[in-house]
Each structure stands twice: as structure tokens, then as C-alpha cells.
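Everything below concerns the one structure shown next.
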Amino acid sequence: MALRGVSLQIAPGEFVALLGANGAGKTTLLRIAALLMTPTSGYVVFPGLAQVSDGPGRNDTEVVYGNPKPSIGMVGHSTLLYDELSAAENLEFFARLYDLADARARIAHALDACGLATRSGSLVRTFSRGMRQRLAIARALLHGPRMLLLDEPAAGLDRQGLDWLGATLARLRDAGVTVIMSTHARNESLDLATRAVSLAGGRVERDSGRGGDPRPLLAALRSED
Amino acid sequence: MTTARAAAILLAKELRLEFRTRELLTATVVFAVVVVVLFSFAFDPTAAESRRYGPGLLWIAFLFAGSLMLHPSFGREQANQTLDALRMAPISPFAIVLGKMLANLLFLSVAEVILVPVFAVLYNISLAGIVGRLAIVLVLGTLGVVVTGTVFSAISAHARMRELLLPLLLLPILAPLLIAAVEATASLFSERPVLDRAWLAFLGGFDIVFLTASWLLSDFLLEE
Amino acid sequence: MKARFGITALVAALLFFAGYAALFIAPDESTMHEIQRVFYFHVALWSAMYTALTIAFVANIAWLATRQPRWDWLGVSAVEVGVVSCTGGLITGVLWGKPAWGIWWTWDARLTTAFLLWLLYIAYLLLRGLLEDPQRRATLSAVFGIFAFLDAPLVYASNRLWRTQHPAPVVFGGDNSGLDPVMGKVLMVCIFALLPVMILLLVDRYRLERMRHEVDELRLAVESGAARPNSAVTKGAI
């Protein structure tokens, strides 16, 4: 029971910074939005895709006219990658799962974009933390989702990684992708945010709202030690 | 995407992973061989004794080896939370379960193909003329082990003491399958080998019941 | 409170009557004499067990279908009562078997099924103990419970099929042994006396589970500093 009475409406193209201390419910909220978790009560709606995930009594996602899953990408605490497969093999596998038409081109482009083209045949097991995170994000974006969820993506990244993260997120924002990024400490990617929502004790504490100014809320964040 | 196609993609991934590390298969085969060899110390493998106890030992070796091998089926997906990635993909939960069932079926079958000749040699049982029919019994029996075992792998992956829990859940459920498989195998090892249709039908029934139950319950199995 | 006491007294009285009937009213059995009287409670325990496990099966399905916590509470309570009844049945079976037929145990269809169910549902309880998240615990144990219940007829059938190929002397009165009418009536009395006992235990266990749930809810509410959630207990509803 990590969340209580959370009700949020997020418009396409918004870049939401989800703030809050550890244990405030950020991860739970992201997982519900990713359709990984079904809320015990309440629902998740993707207007335009019209997918409703019902809470109590039913576990199925009721398809009204479309499947939202191809539109969702998530970068979690773990890499969601297979260590014993190479970078290319990982992307190929997910490309097949998502039934992507131009898989080869997409994979080549993704590997280029995250700077791993030369290491495409190496097992993920041999990658550094930064490289894995980049590949994880590439995997999440491979199928061209319209919404990207990120759970503390800056954690453990070095300077180079942080720069790359910021550049990637900026590109996504310009492309109109909806981004929800959770963090418990200050990082530069937050400058891209158009909205800030802070959670505490499983509840929405403050919300800068659509069209509002997220900066006061962001400024209140501590810096990363 | 159809469930079958998604399952095939997952199967290919499982095979590739296993081929890369080969840890599961090696461990399974070695363990099964050890069990079979140890049992051989328990009695003198004369023809009559072998026929009497052999089938039971063979299937117990498969069950033990299978329990060991089935545990990482879903356990492996926990390392980097890759199960999340699978669940977010536009495939049905049953496709995920089915893909793993098929992979486990292949792995356990490979282990059996290696084990059965070893067993035949150690226990002086001739396989001449019964190989085809034995294969049918093996497939039907292994299917039952793999269907229930994969489901319980998913269940126990979330529990503490999961290595111990899987056999604890699996072996009682498989009791009727064990009886059926042993009887069917015994009738093939007898002086006049015959394929016992009643037991085969029972095995088939077991497989269908639990495959259907898995299909109906796979959503619940994988949910959070 | 008074109603509870009254019901418990009634059930206890019924149980005593059944015991009295089994010991004194039932006629003497020709071959086994006194020891045979265990049979009345032995069979009654089996019927209590099967009733409890069927309730558990229904509760498991209901939980998966509706996600209402009370089905989870009912499920675990029914399984615990079922396991207890099964233990009783197995023990009485052993106690009866040795003096009556000289054997502790036999692998006939009913005993084998009961024994396997005992193992399966103990595994169910162990599984619950090892799963920490309440939602997941309820869901996964329900799935396992369904598998376990589906296994029971398969165990029975496999045993019967085995028996047709390996005939052995039938013990424990077989399946169609004729029953003296008075014996039959005493058996019915015992079965219907034990059933309320089982139900009382079930209800108590259910209430315990419900209270545990309430305590967890309250603890969560206190920890997150929110107001007290609606409590079904305080409203007196189930």
C-alpha cells in the first residue's frame, strides 16, 4: 500500500519531474504508469489510446481500441538487460518482441546514438555502469515510445553519462515525447522539466501543474552528495 | 503478435542464453548421472531387479534433476529485472510462461537423451526395439514435469528459500505423473514390451489439465 | 458474545453426543470389536477435510476473480482447518490399521490421496509463510491452491488405475462394504457433529486473519501519518 489517493493528469509532451524522498511512492507510481502494477483501487487511462486498467476485481487491461504497451518505455533501477547477451543481441530480441518493422536500422541507429556501436558484439556483462545505463535507455527507446518513464536515471552516472542523459532527454522533449522522471536529489536534467510533482508518504504533496512553473519545487531539492 | 510467435522468440532467447553459458544443462546432466550411479549402489542390477526398480529410479532421477533445472527458469529473470521488460512488451503473459516451458522441455529432454543410455548401460537394460515408444513416454512425462515446474518456478521466484521451495511444491504435485510414467516405462522394460495405453492416456490427461490451468492462471502468475 | 458461547456449547454438546453414540450406541463390530469405533471419527475427519479443502478451492478462485481480501482470509483458514482434519484422519487411520489389520499403512486410493493432499496443503502453508508481500502472497498461494486441488482427482485416478494392474487386499472396509443401518446412522451423526466443529475453527481462524489485516492497515496508517482508514471490524461487518 505505497500510494494513497494519487490522482494525476499528464498531457502529451509534458516533462514531469517526480520528486520525493526514498519510499515516498515514486517507483510505485512509475510502475503503475508502465502497466507493470495494477493499482488495488483506481485506474490508469491513456486517452487517445483509450486503454483502461481496472483496479479491484479485475487484473486485465481492457482493450478499447489499441494497446498502449508499444507507446510506453521504461528505464528502471535495474538495467532490464540480459548480461549474457551482447548489446546487439539484447536490442534484436526486444525489437522482435515489439515486432518492429525496420529493426536493423533502428538497432544500428540506437547503438550509434548511445556510442556503443563498436561494442555491439560484446556481452553486457563486460560493460561499465555508464554503458549499461546508456544501453538500457536505448532499449527503452527502441520501439519509439510516446511516453518514457525513468526511475532515478542519473544514479551512478559519471560526468560523461550525465551529459549524454541530458542531451537525450532534451532531444526527446523536443520530439514531443512525454517524460516522467523520478529523482530524490538535484541533477541537471531537471532543468528540462516543465512540471514538478512531489510525493510524500504516498500522497501528492505539491504539484506545479500543467503550464505552471516547476522551478520553485525543483529549487527546494537537495543537491546530490 | 500471436502467443505462439512470442513464445518462439522467447524460446530462441532462452536457448541462446543457455548455449552461451551451458551451466544449467551441464549441472542437470551431471546431477542426474550422479543420482543414477548412487542408486546403483543400493542394489545389485540383475535383470529382474533392474526391471523392477529401474523405471522408478530413472524417473526419480529425472524429477530431481528437473527440480534443480527448473528453478532458475524464472530465477534468472530477477538478476536485472528483465521480467519487467518482458511484461511491458506487447505480448501475453502466457507467451512468457509458454516460452519458458518450451525451453525447459528442450533442456530436460536433452538431459534425458544423455541419461537414458547411461542408465541402460549401468542397469543392463536393453533398449533395442523400444526406443521409439520410450520416447513417447518420456515426452509426455517430461511435459508434465515442465508445465508444473515452470509455473512453480514463477511462484517460488518471489519467495524466500526458493531453491528448497520449488521441489517442495513440485514433487507432491507430480506424484500421479510419477506413478504413470514409471508404470508406462516398466511395461516397456518388461520381457514383452508393450506400450500401456491407459497410462499414456493418463499422462496426456495430466498434461492437458495443468497446461490449461497454467494458461488460465498465467496473468495472475506474473502480476505484481 | 453470548451467541458465540451458546453456539460453542451447542456444538460441544453435539460432539459429546456423537462420541457417546460412537462408543455406546453403535453395535459391536464382529471382527475388530472396540477398535473399529475409531472408524466413525476417521471418516468424519475425512469428510471435514474434503469440505474444508473445497471451500479453500472456491475461496482461491474467488480471490483471483474479485481481489477482495476476505477470500484470501477464507482460503488460508480453510486450508489450515483442512490440514488439521487431514492430520487427524491420517493418525486415526494409522491407529485403526495396526490393531485391525496388522499394518500401519497401505497405499490405497483414498489414503494416498489424503496423504498427498496433506503434503500439498502443508506446502501451501509453507509457501504463504515464505512470501512477504500480502498481495503477492494471496495471489500466488491461490494459484498454487488451485493446482493442488486439481491434483487430487489425478492422484486418486492414478492410484485406482494402478490397483487394477496390481491387485492387493483391500483394507479399511473397501469402498462398497455394506454397513449395518445403525452403524450408518451413527456415522452420519459423527460426520454432522464434526462439521460444525470444523466451521467454528474456520470462523475463528478467519477472524484472526481479518484482525491481522486490520492491524497491518492501522500500522500503515499510523506510519504514514494519515487518518484512520475505514475499519470493517469497527463496523461489525465481515
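Line order of the protein sequences matches chains A, B and C. Following my numbering, the numbering of the first sequence begins with 350 at its first residue and continues without gaps. Following my numbering, the numbering of the second sequence begins with -12 at its first residue and continues without gaps. Following my numbering, the numbering of the third sequence begins with -6 at its first residue and continues without gaps. The beta-carbon is built from N, C-alpha and C at its ideal position, and this holds for glycine as well.
Own chain, CB closer than 8 angstroms to residue i, minus 5 neighbours either side, in chain order
i	result
leucine 4 of chain B	Arg63
tyrosine 431 of chain A	Glu438, Asn439, Phe442, Val473
isoleucine 195 of chain B	none
tyrosine 447 of chain A	Pro419, Leu491, His492
threonine 1 of chain C	Leu193
alanine 519 of chain A	Leu541
arginine 212 of chain C	none
CB contact check: residue i to chain B, cutoff 9 angstroms
i	result
valine 129 of chain C	As written in the sequence, residue 129 of chain C is arginine, which differs from the valine given in the question. Yes, contact with chain B.
serine 390 of chain A	no
isoleucine 192 of chain C	no
glutamine 61 of chain C	no
asparagine 416 of chain A	yes
aspartate 197 of chain C	no
proline 502 of chain A	no
leucine 67 of chain C	no
isoleucine 48 of chain C	no
asparagine 169 of chain C	Residue placement at asparagine 169 of chain C cannot be trusted, given a pLDDT of 43 that sits under 50; what the coordinates show is reported in the next sentence. Chain B, which has no Cβ nearer than 9 angstroms to the Cβ of asparagine 169 of chain C, makes this no.
alanine 141 of chain C	yes
alanine 107 of chain C	no
Closer than 9 angstroms to chain A by CB, residue i
i	result
aspartate 194 of chain B	no
threonine 15 of chain B	no
Segment limits, beta strand (DSSP E) that includes residue i
i	result
valine 553 of chain A	552 to 556
aspartate 500 of chain A	496 to 500
valine 133 of chain B	Careful: valine 133 of chain B lies outside any beta strand (DSSP E), inside the alpha helix (DSSP H) at 118 to 143.
methionine 42 of chain C	Counting along the chain, methionine 42 of chain C falls outside any beta strand (DSSP E), though it belongs to the alpha helix (DSSP H) covering 31 to 59.
glycine 561 of chain A	That residue, glycine 561 of chain A, is in no beta strand (DSSP E); it is neither H nor E in DSSP.
leucine 367 of chain A	364 to 368
valine 424 of chain A	421 to 424
Assigned secondary structure, residue i (DSSP; H/G/I helix, E/B strand, else coil)
i	result
serine 547 of chain A	strand
threonine 527 of chain A	strand
isoleucine 18 of chain C	helix
threonine 69 of chain B	helix
glycine 229 of chain C	Because the pLDDT of glycine 229 of chain C is 41, which lies under 50, any placement of that residue in the model is unreliable, and the question is left without a value.
alanine 93 of chain C	helix
glycine 68 of chain C	helix
alanine 450 of chain A	coil
arginine 130 of chain C	helix
threonine 532 of chain A	strand
threonine 115 of chain B	Correcting the residue type first, residue 115 of chain B is alanine in the shown sequence and not threonine. It is coil, neither helix nor strand.
phenylalanine 30 of chain B	coil
methionine 148 of chain B	coil
leucine 182 of chain B	coil
valine 355 of chain A	coil
CB contact below 9 angstroms: residue i versus chain C
i	result
proline 59 of chain B	no
methionine 88 of chain B	no
leucine 35 of chain B	The sequence as given places alanine at residue 35 of chain B; leucine does not occur at that position. With 9 angstroms as the cut-off, alanine 35 of chain B does not count as an interface residue toward chain C.
proline 104 of chain B	no
phenylalanine 49 of chain B	no
glutamate 211 of chain B	yes
threonine 135 of chain B	yes
Same chain, Cβ closer than 7 angstroms to residue i, five either side skipped, listed in chain order
i	result
phenylalanine 30 of chain B	Glu36, Tyr40
glycine 82 of chain C	His35, Leu38, Trp39, Met42, Ala107
leucine 165 of chain B	Trp46, Leu50
alanine 5 of chain C	none
serine 557 of chain A	Arg544, Ala545, Pro563, Leu566
phenylalanine 217 of chain B	Only positions -12 to 211 of chain B appear in the structure, and residue 217 of chain B is not among them; the question remains open.
aspartate 507 of chain A	Gly479
Bounding residues of the alpha helix (DSSP H) (the contiguous stretch that carries residue i)
i	result
methionine 480 of chain A	478 to 490
phenylalanine 9 of chain C	-5 to 13
valine 24 of chain B	10 to 27
phenylalanine 395 of chain A	No alpha helix (DSSP H) contains phenylalanine 395 of chain A, which DSSP labels as neither H nor E.
isoleucine 101 of chain B	80 to 109
isoleucine 381 of chain A	375 to 382
Spatially closest choice to residue i from the options, by CA coordinates
i	options	result
proline 189 of chain C	C/Arg129, C/Leu8, C/Phe(-2)	C/Leu8
phenylalanine 189 of chain B	B/Ala171, B/Val133, B/Met56	B/Ala171
threonine 47 of chain C	C/Glu73, C/Tyr33, C/Ala58, C/Glu27	C/Glu73
aspartate 144 of chain C	C/Leu16, C/Phe50, C/Ala(-4)	C/Phe50
leucine 133 of chain C	B/Gly131, B/Ile142, B/Ala98	B/Ile142
tryptophan 111 of chain C	C/Ser78, C/Ala93, C/Phe140, C/Pro127	C/Ser78
6 angstroms CB neighbourhood of residue i in its chain, flanking five on each side removed
i	result
leucine 187 of chain C	Ala37, Ala41
proline 494 of chain A	Ser420, Ile421, Gly422
arginine 380 of chain A	Met386
leucine 567 of chain A	Leu539, Ala545
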